[in-house]
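S.K.: The structure under discussion is supplied below as structure tokens; questions concerning it will follow.
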């Protein structure tokens, strides 16, 4: 290992010989992979992710790109935090209007078509990538929701009176918020929600949707910022398809909050990087909701809950269904009817995974029948039902157009709670049927931020709270401090303390 200086202090690396080891966690030496050593160049950075014992290489170009973007966002924050509420509202309204323009939307969908084709060629999922008319309306609705949304900025949250002075706790803008999103174009509208509270944002979007994001930025987002008199750097898009740009972003200590949405392992890495840097994080990686049927559940209620929870694949889609063993003869057919109807609604069939010990509760013909299942790399003929181990209960099925769930039989609601707390990502849980006492026991015992008594698709900031959401968090990495699982614009703030003499 060579250095650029012999000064007796921290020195910059100029090369990285094979066999280099790095300290990890204070008590381990971690070997740097040869591929990383071979790629290392002056100006690059190595980051050890202690939680997973990974060594990440961040090229100099990505470091410089991120550093410049964060610097611009910091400068923009100084203007946005003092901008009027009316100027910020004008931005959201103008952004929505520009998305309503058919000319603008045509340019966006043209870019999106290229992204979709490229993703398909790479065997990537395009379920959430396609810029559909429904996505357009959802983005516009979300932006219009921000127009009149409340902000903590300047609000007196609490006042304590003394004899000769008062002390006030006052909400204030937080700073630069970093987002790393998967390939979903609509997240640009989500990310801009932090401007409602006077914050600025830097985001990296998955490579699949980068072209679409550029089109939205150029046709609608940047012009709307300019029209409202806000700095264009209030929203910065990292022009990079490299994962290293996200790693660099979540390691930059100028970031006030880091928000990550996407696949479990990728989000876990990003979250660990931010936490190592001392940056607060909002994470949502593994999704997939659970429905538990009470022994007293009606068959029609189970069928409806399954059907209502499988209209498309998103994080709050039904993933694991637990049915009471004593009612299997009635409730398994009801669940299969709900699955069948959900598949027919999408013009396809369904895929079922059954815990090995419970396969006898499912018609044997399902394990023998081949059906066409839509996958990211195209349709495939697969058995309609397949057995899995109990340890797979928490696995999230990332289906394309064919509803796909796991079925397990349990000895009662308490047994289902135990399975959820052990195997699930601790996200969404719903109990169908049961009396008030059983629902209270379910609520108290289940370790999840979102609990319901029917389908699962209600878990959405806009649907549930009438607040455009920036992201949902599970409890996969522990309970959240001081806030709920829905991250919205009015929850991105800090508190200042002000004394006023009488």
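Numbering (this note's numbering), first residue to last: 21 to 522.
Idealized CB from N, CA, C, for every residue including glycine.
From a predicted model like this one, the values you see are computed outputs, not experimental measurements.
#1: Take the Cβ of residue 97 as the centre, count every other Cβ of all protein chains shown within 10 Å, and call the residue buried at 16 or more, exposed below.
#2: Along the chain, where does the alpha helix (DSSP H) that runs through residue 360 open and close?
#3: Can you tell me where the beta strand (DSSP E) holding residue 446 begins and where it ends?
#4: Thinking just about the alpha-carbon of each residue, which of 266, 402, 209 and 388 is nearest to the one in residue 86?
#5: State the Cα-Cα distance for the pair residue 144 and residue 396, rounded to the nearest angstrom.
#6: State buried or exposed for residue 522, treating a residue as buried only when at least 16 other CB atoms are found within 10 Å of its CB.
#7: Specify, as a first and last residue, the run of the alpha helix (DSSP H) that residue 462 falls within.
#8: Any idea what DSSP makes of residue 483, helix, strand or coil?
#9: Span of the alpha helix (DSSP H) holding residue 119?
#10: How should residue 460 be labelled, buried or exposed, when 16 other C-beta atoms within 10 angstroms of its C-beta is the threshold for buried?
#11: Out of 213, 375, 236 and 198, which has the shortest C-alpha to C-alpha gap to residue 273?
#12: State buried or exposed for residue 489, treating a residue as buried only when at least 16 other CB atoms are found within 10 Å of its CB.
#13: By DSSP, does residue 404 sit in helix, in strand, or in coil?
#14: So what does DSSP say about residue 470, is it helix, strand or coil?
#15: Going by alpha carbons, who is nearest to residue 363 out of 346, 391 and 76?
#16: What residues in its chain sit with their C-beta under 7 Å from that of residue 232, if we drop five residues either side in the sequence?
#17: Could you pull out every residue in the same chain whose Cβ sits closer than 7 Å to the Cβ of residue 114, ignoring the five residues on either side in sequence?
#18: Which same chain residues end up closer than 8 Å to residue 525 when comparing Cβ atoms and leaving out the 5 residues on each side of it in sequence?
#19: Going by DSSP, what residues sit across from residue 179 in a beta bridge?
#20: Determine the contact status of residue 301 and residue 294, defining contact as a CB-CB distance below 7 Å.
#21: Entirely within the segment 40-94 and at least 4 residues each: give me those alpha helix (DSSP H) ranges in chain order.
#22: Should residue 473 and residue 492 be called a contact, given that it needs their Cβ atoms to be closer than 7 Å?
#23: DSSP state of residue 488, grouped into three classes?
#24: What do you reckon, are the CB atoms on residue 191 and residue 513 nearer than 7 Å?
#25: Could you round the C-beta distance between residue 417 and residue 406 to whole angstroms and report it? I think they count as a contact, below 8 Å.
#26: Out of 458, 420, 195 and 84, state which residue places its alpha-carbon closest to the alpha-carbon of residue 278.
#27: Where does residue 306 land, buried or exposed, given buried means 16+ other C-beta within 10 angstroms?
M.R.: To lay it out plainly:
#1: Start at 1 with the first residue of the chain shown, and residue 97 comes out as number 77. Buried, by the Cβ-count rule.
#2: Translated into the one-based positions of the chain shown, residue 360 becomes position 340. It spans 348-365 - the alpha helix (DSSP H) in which residue 360 sits, taken as one unbroken run.
#3: Position 426 of the chain shown holds residue 446. Neither: residue 446 is in no beta strand (DSSP E) and is coded neither H nor E.
#4: The residue you call residue 86 lines up with position 66 of the chain shown. Closest option to residue 86, Cα to Cα, is 266.
#5: To locate residue 144, count along the chain shown from 1; it is residue 124. To locate residue 396, count along the chain shown from 1; it is residue 376. Going by the C-alpha atoms only, they are around 5 Å apart.
#6: Sequence index remark: in the chain shown, residue 522 carries index 502 (1-based). Looking at its Cβ environment, which holds fewer than 16 other Cβ atoms inside 10 Å, residue 522 is exposed.
#7: Along the chain shown, read from residue 1 onward, the residue named residue 462 stands at position 442. Where residue 462 is concerned, the enclosing alpha helix (DSSP H) stretches over 456-465.
#8: Locating residue 483 in the chain shown gives position 463, where the first residue counts as 1. It is helical.
#9: By 1-based counting over the chain shown, the position of residue 119 is 99. It spans 105-120 - the alpha helix (DSSP H) in which residue 119 sits, taken as one unbroken run.
#10: Taking the first residue of the chain shown as position 1, residue 460 is located at position 440. When all chains shown are included, residue 460 counts as exposed.
#11: Reading the chain shown from its first residue, position 253 is the one you call residue 273. It is 198.
#12: What you label residue 489 is simply residue 469 of the chain shown in a count that begins at 1. Label assigned to residue 489: buried.
#13: Within the chain shown, numbered from 1, the residue matching residue 404 stands at position 384. DSSP places residue 404 in coil when its eight states are reduced to three.
#14: Here the question's residue 470 lines up with position 450 in the chain shown. DSSP places residue 470 in strand when its eight states are reduced to three.
#15: On the chain shown, position 343 is the one that residue 363 refers to. The shortest C-alpha separation from residue 363 is found at 391.
#16: The residue labelled residue 232 in the question sits at position 212 within the chain shown. Answer for residue 232: 128, 131, 132, 135, 151 and 205, listed in chain order.
#17: Residue 114 sits at position 94 when you count from the first residue of the chain shown. So the qualifying residues of the chain are 244, 247 and 248.
#18: Residue 525 cannot be examined here, being either before or after the span of the chain that is shown, 21 to 522.
#19: As a working note, residue 179 is residue 159 in the chain shown. Partner(s): 188.
#20: In the chain shown, the residue the question calls residue 301 occupies position 281. In the chain shown, the residue the question calls residue 294 occupies position 274. Taking 7 Å as the Cβ cut-off, residue 301 and residue 294 qualify as a contacting pair.
#21: 54-59
#22: Against the chain shown, residue 473 aligns to sequence position 453. Against the chain shown, residue 492 aligns to sequence position 472. No, the Cβ-Cβ distance between residue 473 and residue 492 is not below 7 Å.
#23: As a position in the chain shown, residue 488 is number 468, starting the count at 1. In the structure shown, residue 488 sits in coil (DSSP, three-state: anything other than H, G, I, E or B).
#24: Against the chain shown, residue 191 aligns to sequence position 171. Against the chain shown, residue 513 aligns to sequence position 493. Yes, these two residues count as a Cβ contact at 7 Å.
#25: As a first step, residue 417 must be located in the chain shown, where it is residue number 397. As a first step, residue 406 must be located in the chain shown, where it is residue number 386. Actually they are not in contact, since the Cβ atoms of residue 417 and residue 406 sit about 11 Å apart, beyond 8 Å.
#26: Numbered from its first residue, the chain shown carries residue 278 at position 258. Residue 278 has its Cα closest to that of 195, out of 458, 420, 195 and 84.
#27: For the purposes of this step, residue 306 is taken as the residue at position 286 of the chain shown. Classification for residue 306: buried.
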